[in-house]
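A short worksheet on the structure shown next.
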Amino acid sequence: MFKRLIEDIDSIRQRDPAARSRFEVFLTYPGLHAVRWHRMANWFWRNRFYLLGRWTSHWGRWLTGIEIHPGAKIGRRLFIDHGMGVVIGETAEVGDDVTLYHGVTLGGTSPAENSDAQRNQKRHPTLQNGVIVGSGAQILGPITVGADARVGANAVVTKDVPPGCTAIGIPARLIACKDPEAQKTFVAYGTPGDIADPTQRALDTMRAQLNALATRVEELEGELSKRDAAARDAAERERRTQDA
Ligand SMILES: CC(C)(COP(=O)(O)OP(=O)(O)OC[C@H]1O[C@@H](n2cnc3c(N)ncnc32)[C@H](O)[C@@H]1OP(=O)(O)O)[C@@H](O)C(=O)NCCC(=O)NCCS
1 MFKRLIEDID
11 SIRQRDPAAR
21 SRFEVFLTYP
31 GLHAVRWHRM
41 ANWFWRNRFY
51 LLGRWTSHWG
61 RWLTGIEIHP
71 GAKIGRRLFI
81 DHGMGVVIGE
91 TAEVGDDVTL
101 YHGVTLGGTS
111 PAENSDAQRN
121 QKRHPTLQNG
131 VIVGSGAQIL
141 GPITVGADAR
151 VGANAVVTKD
161 VPPGCTAIGI
171 PARLIACKDP
181 EAQKTFVAYG
191 TPGDIADPTQ
201 RALDTMRAQL
211 NALATRVEEL
221 EGELSKRDAA
231 ARDAAERERR
241 TQDA
C-alpha cells in the first residue's frame, strides 16, 4: 500500500510542473486523496458492502470535491489535477497513467431506470491507458477513448476516440491522430511545449530588438572611430604641411 502511494505521488510529480516535493503532493493534492478514498470505497463495493462503499465515497467527495462512484474501475497512477468538480460514474473504467483536469465528467447516457438490469449495464465511458482529458470535458456514454488519446478542455465527447487522437469541441471532432507510441510521452495539459507562451514570445521579440539595437550601436561606434581616425590623420597632415 505504501509502495502504491509513493508510486502515485511520484507519478504526480512527473506530471505536474507545479509539484515541488513528495510531501507537498501528499499533503495538498486532492486528486491523490480522492483516489485513496476511492480504493477504500471500491474495496467495500467489491465485497458487497454497498452502503459502506457509497458512504466512504461520499466522504471522499465531501473532502476533495471529486466524486468517484465506488463501483468505478480505476487503474494505477490516475492523476486528477486540481480535481474540483470531477465526476466518475459507476460503470466507468479508467486505465493506467490517465490524467484528468478539474470539471471532467465520465458520465452515463442511457436513462437509468430503477431496475437491476439497467443498473448493471455499462453506461459510462472507458478511458484506456495514458489518456489526457482537459478541464471541463464531458465524456458521455459507454464509449471508448483509446490509449494515449487527448480530449480538449470543455469538449463534449459522445463517440469513440481512436488511440492517439485528439478530440475537441462540442460535439467533439478529431483534429489530429498520431501514432499512439509517439503520444506516450506525457505532456502537461496535453499541449506540446513548442506552443509559444505569449509572455515568452514578447520577451523573445524584445531580445531580438535589443540584439538589433546593440549591433547598430556597434556599427555606429565603428563608423565614428573611423571618422575620428581620419580627422586625426588629416589634422596631422595639416600640421606637417604647416611645419614644412
Ligand atoms: C486539445 C489539446 C490537447 C490540443 O492541443 P494541441 O495538440 O497542442 O493543439 P493546438 O493547440 O495546436 O490546437 C489545434 C487547434 O485546435 C484548437 N483547440 C485547441 N484546444 C481546443 C479546445 N479545448 N477547444 C476548442 N478548440 C481547441 C486550436 O485553437 C487550434 O485551432 P486552429 O487550428 O483553428 O488554430 C489542448 O488544446 C487542450 O485543450 N488541452 C487541455 C488543457 C487543459 O485542460 N488545461 C487545464 C490545466 S489547469
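Counting along the sequence shown from 1, when you hit position 89 you're at 89 in our numbering, and nothing is skipped either side. The C-beta atom is built at its ideal place from N, Cα and C for all residues, glycine as well.
| Check | Outcome |
| --- | --- |
| Distance cut-off 7 Å: residue 168 Cβ against heavy atoms of ligand 1 | yes |
| Residue 147 beta carbon near ligand 1 (any heavy atom closer than 7 Å) | no |
| Option nearest residue 136 by Cα separation, candidates 203, 234, 243 and 155 | 155 |
| Residue burial classification, residue 233 (beta-carbon count within 10 angstroms, cutoff 16) | exposed |
| 6 Å Cβ shell around residue 69 - same chain, five flanking residues per side excluded | 89 and 90 |
| Inside the stretch 128-175 only - beta strand (DSSP E) runs reaching at least 3 residues | 138-140 and 165-168 |
| Proximity of residue 102 and residue 82 at Cβ, strictly below 8 Å | yes |
| Residue 220 - DSSP class collapsed to helix/strand/coil | helix |
| Residue 11 classed as buried or exposed, judged by whether at least 16 other C-beta atoms fall within 10 angstroms | buried |
| Where residue 62 falls, given that 16 or more other Cβ within 10 Å makes a residue buried | exposed |
| Sequence ranges, alpha helix (DSSP H) only - wholly within the stretch 37-92, length at least 4 | 50-64 |
| Cβ distance (whole Å) where residue 151 is taken to contact residue 98 below 8 Å | The pair is not a contact, with the Cβ atoms about 11 Å apart (cut-off 8 Å). |
| Beta-carbon separation (whole angstroms), residue 77 vs residue 8, contact threshold 8 Å | 6 Å |
| According to DSSP, residues forming a beta bridge with residue 107 | 140 |
| Residue range of the unbroken alpha helix (DSSP H) whose run includes residue 23 | 22-28 |
| Backbone secondary structure at residue 187 - three-state DSSP | coil |
| C-beta contact flag for residue 145 and residue 121 at 8 Å | no |
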